Amino acid sequence: AQSVAQPEDQVNVAEGNPLTVKCTYSVSGNPYLFWYVQYPNRGLQFLLKYITGDNLVKGSYGFEAEFNKSQTSFHLKKPSALVSDSALYFCAVRDIRDSSYKLIFGSGTRLLVRP
Amino acid sequence: SQTIHQWPATLVQPVGSPLSLECTVEGTSNPNLYWYRQAAGRGLQLLFYSVGIGQISSEVPQNLSASRPQDRQFILSSKKLLLSDSGFYLCAWSSIDSPQETQYFGPGTRLLVL
């Protein structure tokens, strides 16, 4: 069965400092991996994805994520956090062999960037 | 470009009343469509998905149903709402033509059942 774990309910970081939001996954085959961000009372916005190729993926708003197959992780990172990055972040996974196209989402991590 | 719409944005309904939430997608054909529910601002629960007109797959047995009467229209319904149906309902689409199959989300409908 596919699953995603986001071990931190909340991450606190000072503006200007680097941030990391953790994600680990479990799939039977090879994964497609995604990060989404949600601002209050809004839908989810797509940030970035890993399909194949370079393990370091760059996405919107200066975010990047590194795929680590041996550790089954896909942590989201940003070199310098902004207050406006404060939001709820979701990691998601799909087994590329799953013809149902379903994404499995983690429980979300709230990022709080303080001025 | 593709856009996804949901309405209404907010809905307050009494227990036992019917429900109809609508989702439409523009700028693409034959999308995969999904309904999610988000409770308490946290995790997303996949409720239904559809890979074509009239094709609905249910993920969780519950008080809700879904229909896809047109290619780019996805409707979430209930005959009698329960208190536990309150939540934030999100519709999403993905393209079967794209091997990456990113899901793109609508703005959501906040439902409060009283």
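Chains as they are written, first to last, in the numbering used here: chain A, 66 to 180; chain B, 16 to 129.
Note that CB positions come from ideal geometry on N, CA and C, so glycine has one too.
This one's a predicted model, so the numbers in the text were calculated from it and none came from an experiment.
Check your understanding: Which residue comes first and which comes last in the beta strand (DSSP E) that contains residue 7/B?
Key -> The requested residue 7/B does not occur in the structure, where chain B is confined to residues 16 to 129.
**Study point:** residue 84/A vs residue 142/A beta-carbon contact at 8 Å
**Key:** Translated into positions along the first sequence, residue 84/A becomes position 19. Translated into positions along the first sequence, residue 142/A becomes position 77. When the beta-carbon positions are compared, residue 84/A and residue 142/A come within less than 8 Å of each other.
Exercise for review: May I ask you to verify whether the segment 93 to 113 of chain A touches the segment 127 to 137 of chain A, counting CB pairs closer than 8 Å and requiring at least 3?
Suggested key: In short, these stretches touch, since the Cβ pair count reaches three.
Check your understanding: Using a beta-carbon distance cut-off of less than 9 Å, what residues from the segment 36 to 47 of chain B approach chain E?
Key -> Among the protein chains of the structure shown, namely A and B, there is no chain E.
Review point. Taking the C-alpha atoms as reference points, what is the distance between residue 70/A and residue 115/A?
Key: Walking along the first sequence from the start, residue 70/A turns up at place 5. Walking along the first sequence from the start, residue 115/A turns up at place 50. When the Cα atoms are used, residue 70/A and residue 115/A turn out to be separated by approximately 17 Å.
Practice item. Could you tell me the distance, in whole angstroms, from the CA atom of residue 86/A to the CA atom of residue 29/B? Key: Against the first sequence, residue 86/A aligns to sequence position 21. Against the second sequence, residue 29/B aligns to sequence position 14. Those two C-alpha atoms are separated by around 39 Å.
Practice item. Check each residue of the segment 114 to 128 of chain B: if its Cβ is closer than 9 Å to any Cβ of chain A, include it; give the result in chain order. Key: Within the segment 114 to 128 of chain B, the residues whose Cβ lies closer than 9 Å to any Cβ of chain A are, in chain order, 114, 115, 116, 117, 118, 119, 120, 121, 122, 123 and 125.
Exercise for review: Leaving aside the five residues before and after residue 94/B along the sequence, list all residues of the same chain whose C-beta is less than 6 Å from its C-beta, in chain order.
Suggested key: As a first step, residue 94/B is located in the second sequence; it is residue number 79 there, counting from the start. Correct list, in chain order: 33.
Review point. Considering only residues of the same chain and omitting the five flanking positions on each side of residue 53/A, which have a CB-CB separation below 7 Å?
Key: Any answer about residue 53/A is impossible in this case: the structure gives chain A only from 66 up to 180.
Exercise for review: With 9 Å as the C-beta to C-beta threshold (strictly closer), list the residues of the segment 56 to 90 of chain B near chain A in chain order.
Suggested key: Only 56, 57, 58, 59, 60, 61, 64, 66, 72 and 74 from the segment 56 to 90 of chain B bring a Cβ to less than 9 Å from some Cβ of chain A.
Check your understanding: DSSP puts residue 174/A in a beta bridge; with which residues?
Key -> Here residue 174/A refers to the residue found at position 109 when the first sequence is read from its first residue. Note: residue 174/A sits in a beta bridge opposite 154/A.
Point to revise | Cross-chain neighbours of residue 105/B in chain A, by beta carbon under 8 Å | key: Reading the second sequence from its first residue, position 90 is the one you call residue 105/B. Going along chain A in sequence order, the residues near residue 105/B (Cβ under 8 Å) are 108 and 109.
Practice item. Alpha carbon to alpha carbon, how far is residue 90/A from residue 89/B? Give it in angstroms, no decimals. Key: Here residue 89/B corresponds to residue number 74 of the second sequence, with the count starting at 1. Here residue 90/A corresponds to residue number 25 of the first sequence, with the count starting at 1. Rounded to the nearest angstrom, the two C-alpha atoms are 30 Å apart.
Practice item. Check the DSSP bridge columns for residue 160/A and list the partner residues they point to. Key: Residue numbering aside, residue 160/A sits at position 95 when the first sequence is read from its first letter. Looking at the DSSP assignment, residue 160/A forms a beta bridge with 96/A.
Check your understanding: For residue 123/B versus residue 94/A, is the C-beta distance shorter than 8 Å?
Key -> The residue you call residue 123/B lines up with position 108 of the second sequence. The residue you call residue 94/A lines up with position 29 of the first sequence. It is not a contact, given that the beta carbons lie outside the stated cut-off.
Practice item. Identify the continuous beta strand (DSSP E) that holds residue 106/B and give its terminal residues. Key: Within the second sequence, the letter at position 91 stands for residue 106/B. Per DSSP, residue 106/B belongs to the beta strand (DSSP E) from 102 to 109.
**Study point:** residue 48/B, DSSP secondary structure in three states
**Key:** For the purposes of this step, residue 48/B is taken as residue 33 along the second sequence, with counting starting at 1. Three-state DSSP puts residue 48/B in a strand.
Check your understanding: Residue range of the beta strand (DSSP E) that residue 18/B falls in?
Key -> Numbered from its first residue, the second sequence carries residue 18/B at position 3. According to the DSSP assignment, residue 18/B belongs to the beta strand (DSSP E) that extends over 18 to 22.
Point to revise | Which residues DSSP lists as bridging residue 133/A, in chain order | key: Position 68 of the first sequence, counted from the start, is the residue given in the question as residue 133/A. Here residue 133/A is bridged, per DSSP, to 138/A.
Check your understanding: Which of helix, strand or coil does DSSP assign to residue 30/B?
Key -> One-based indexing of the second sequence puts residue 30/B at position 15. In this structure, DSSP gives residue 30/B a state outside helix and strand, which the three-state scheme calls coil.
Practice item. Identify the continuous beta strand (DSSP E) that holds residue 201/A and give its terminal residues. Key: With chain A represented from 66 up to 180, any question about residue 201/A goes unanswered, as that position is not in the structure.
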